[in-house]
Amino acid sequence: MSKVSSVTVAKFGGTSLKNYQSMVRCANIVIEEPSIKVVVLSASAGVTNLLVELTAKDVSDAIASTLIDNIKNIQLDISAGLFEQKQIEQNRVNGYVLNLVHELEYASQMLREQFSLKLVDEILSFGERFSSYLFTEIMTELLSNVDDKPQLVRFDARRIIKTDSRFGHARPDLTAIKQQSQLSLNLPECLYITQGFVGEDSFGNTTTLGRGGSDFSAALIAEAINADKLQIWTDVAGIYSSDPRFVTTAKPIKALSFNEAAELATFGAKVLHPATLLPAIRSQIDVFVGSSLEPSAGGTHLTTKPSTSGVRAIALRENQTLVTLSSPNMLLASGFLARVFAILAKYELSVDLITTSEISVALTFDNINGVSEGILPQECITELEDFCAVSIEGELSLVAVIGNHNPDHETISSTELLFKSLGDYQIRMICHGASRHNVCFLVKQSIAKNVVTNIHDQIFG
Numbered sequence: 001m002s003k004v005s006s007v008t009v010a011k012f013g014g015t016s017l018k019n020y021q022s023m024v025r026c027a028n029i030v031i032e033e034p035s036i037k038v039v040v041l042s043a044s045a046g047v048t049n050l051l052v053e054l055t056a057k058d059v060s061d062a063i064a065s066t067l068i069d070n071i072k073n074i075q076l077d078i079s080a081g082l083f084e085q086k087q088i089e090q091n092r093v094n095g096y097v098l099n100l101v102h103e104l105e106y107a108s109q110m111l112r113e114q115f116s117l118k119l120v121d122e123i124l125s126f127g128e129r130f131s132s133y134l135f136t137e138i139m140t141e142l143l144s145n146v147d148d149k150p151q152l153v154r155f156d157a158r159r160i161i162k163t164d165s166r167f168g169h170a171r172p173d174l175t176a177i178k179q180q181s182q183l184s185l186n187l188p189e190c191l192y193i194t195q196g197f198v199g200e201d202s203f204g205n206t207t208t209l210g211r212g213g214s215d216f217s218a219a220l221i222a223e224a225i226n227a228d229k230l231q232i233w234t235d236v237a238g239i240y241s242s243d244p245r246f247v248t249t250a251k252p253i254k255a256l257s258f259n260e261a262a263e264l265a266t267f268g269a270k271v272l273h274p275a276t277l278l279p280a281i282r283s284q285i286d287v288f289v290g291s292s293l294e295p296s297a298g299g300t301h302l303t304t305k306p307s308t309s310g311v312r313a314i315a316l317r318e319n320q321t322l323v324t325l326s327s328p329n330m331l332l333a334s335g336f337l338a339r340v341f342a343i344l345a346k347y348e349l350s351v352d353l354i355t356t357s358e359i360s361v362a363l364t365f366d367n368i369n370g371v372s373e374g375i376l377p378q379e380c381i382t383e384l385e386d387f388c389a390v391s392i393e394g395e396l397s398l399v400a401v402i403g404n405h406n407p408d409h410e411t412i413s414s415t416e417l418l419f420k421s422l423g424d425y426q427i428r429m430i431c432h433g434a435s436r437h438n439v440c441f442l443v444k445q446s447i448a449k450n451v452v453t454n455i456h457d458q459i460f461g
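Going by the UniProt record's numbering, the first residue of the sequence shown is number 1, and it counts up by one from there.
Laid out in structure tokens, this is it:
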């Protein structure tokens with residue numbers, strides 16, 4: 001597909017779509033920016049959490065019914081803002097919503113009878129299917145009196161986002177996505193509205209890209225259609241120097257290099273999904289992160305240009321597990337790490353950080369469920385214990401200090417300020433050197449937020 005003049009893909013997150021008024025704000029952003037040709041939507045705030053609860057193995061019929069009612073009410077509350085003077089149109093919209101609710105009830109019943117990850121992904125897709133339908137109706141209403149309006153098309157993202165069959169964290173098929181985009185999208189004549197997060201495998205089954213995958217969906221589509229820009233609209237004015245929910249002095253960052261943004265997304269920044277930047281970097285797509293609540297307030301621009309030396313942000317990622325493997329046989333021996341990683345690869349375990357000594361190696365794992373005992377399957381532990389001692393430690397948090405750590409160009413070393421701020425805390429592990437954009441360390445989860453606040457005050461104070 002050849003590039004058309006100034007094409008933008010805009011993604012709106014769940015907090016930006018939480019109710020009718022929020023959706024109207026997002027719709028006006030789209031209407032006021034003619035370059036936006038594709039809109040990618042998350043589920044409305046809270047809906048995905050309810051769907052996740054609905055897919056629990058032990059959910060009862062009564063709880064499932066309550067959860068579905070809560071989801072239905074969120075959607076009907078949004079619908080209530082539409083067509084207040086047009087009861088026939090209101091009935092049509094509500095009818096569509098209720099049909100989706102019935103589909104959700106059937107899928108939930110099937111899952112309770114026989115659990116499968118395939119059905120879990122099918123159920124999790126409903127949030128985006130609800131929001132994309134309602135958003136399209138809102139856009140249609142707002143454009144009803146506009147003369148020079150684009151042709152509005154709502155399409156099923158599963159027509160384009162082709163993946164493998166790894167339910168829950170499917171991997172996209174980039175070639176197929178490119179081909180399907182060329183077949184399905186007519187740019188620039190139309191304005192397309194679609195779902196984030198969901199895809200389809202080669203057997204026609206619904207898949208999902210993992211929590212936060214709507215950002216990734218938008219970036220994949222932007223890459224496939226050769227877009228110029230990718231906008232990520234959320235409820236905060238860009239990426240902050242730390243989490244403003246507990247670091248009250250955190251400030252928005254006007255510009256970040258792709259390298260810094262990738263580290264920040266990977267190590268805890270909740271505004272941006274880690275995988276989002278991969279397609280953007282590959283295709284040199286400008287990325288902007290802004291607030292749908294205050295679109296005129298600016299935001300954060302991500303650029304390929306290297307940034308000046310210094311710290312940009314401090315990120316926190318909770319629920320980390322530290323696994324230490326020890327063996328005297330490591331001393332002066334070769335092949336130990338190769339054997340370890342071959343076993344971890346066998347069980348599809350991804351390591352975040354690694355440090356080594358003469359007779360031990362320490363590895364960290366991101367544990368989204370918060371139960372460190374389950375991070376390594378028992379079969380994996382048994383294989384490792386054949387040649388080393390295995391120690392597993394939970395209730396840890398990873399603190400990442402993101403920036404351009406280049407002491408040759410710093411008047412006051414940010415690394416020096418960092419270590420000064422850590423003097424009163426016990427550090428469980430530290431990792432630096434693999435990237436000049438990141439210094440990481442582990443601390444007890446109970447003190448992690450205090451540690452982040454203290455570092456932020458020392459460096460930015």
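Note that CB positions come from ideal geometry on N, CA and C, so glycine has one too.
The structure displayed is predicted, hence computed values, not measured ones.
query	result
The region 324-344 in contact with the region 280-290 per 3-pair CB rule at 8 Å	no
Where the alpha helix (DSSP H) containing A456 begins and where it ends	The sequence as given places His at residue 456; Ala does not occur at that position. First-last of the alpha helix (DSSP H) with H456: A448 to F460.
N145, buried or exposed, once every other Cβ within 10 Å from all chains shown has been counted against 16	exposed
Close-in-space but distant-in-sequence residues of the same chain around V371 (CB under 8 Å, 5 per side omitted)	Confidence at V371 is low in this model, with a pLDDT of 46, below 50, so its placement is unreliable and no value can be given for it.
Pair within 8 Å by beta-carbon distance, I354 and L363	yes
Buried/exposed call for D243, threshold 16 Cβ in 10 Å	buried
Limits of the beta strand (DSSP E) - the one that V401 falls within	A389 to N404
Cβ-based burial, Q284 [other Cβ within 10 Å; buried from 16]	exposed
N91 burial status per 10 Å Cβ neighbour count (16 or more: buried)	exposed
Per DSSP, cross-strand counterpart(s) of L174	Paired residues: none, contrary to the question.
Three-state secondary structure assigned by DSSP to G370	Reliability fails at G370, whose pLDDT of 44 lies under 50, so the model's placement of it is uncertain and the value that follows must be treated cautiously. G370: coil per DSSP, three-state reduction.
With 16 other Cβ atoms within 10 Å as the buried cut-off, status of H102	exposed
Bridge partner(s) assigned by DSSP for L256	L302
Contacting residues, own chain, Cβ-Cβ under 8 Å from E189 (five flanking each side not counted)	P150 and Q151
Secondary structure of D286, DSSP reduced to three states	strand
Under the three-state DSSP convention, the category T163 falls into	strand
Cβ neighbour criterion (16 or more within 10 Å) applied to E263	buried
Limits of the unbroken alpha helix (DSSP H) element including L349	Note, L349: premise wrong, no alpha helix (DSSP H); not H, not E.
Residues sharing a beta bridge with I359, DSSP	Answer by DSSP bridge pairing: none, since I359 is not bridged.
Of the listed residues A400, N454 and V52, nearest to G423 (C-alpha basis)	N454
C-beta atoms of S241 and K254 nearer than 8 Å	no
Identified DSSP bridge partners for T324	A362 and S391
Best match in L191, E137, E128 and L98 for proximity to D148 [C-alpha to C-alpha]	L191
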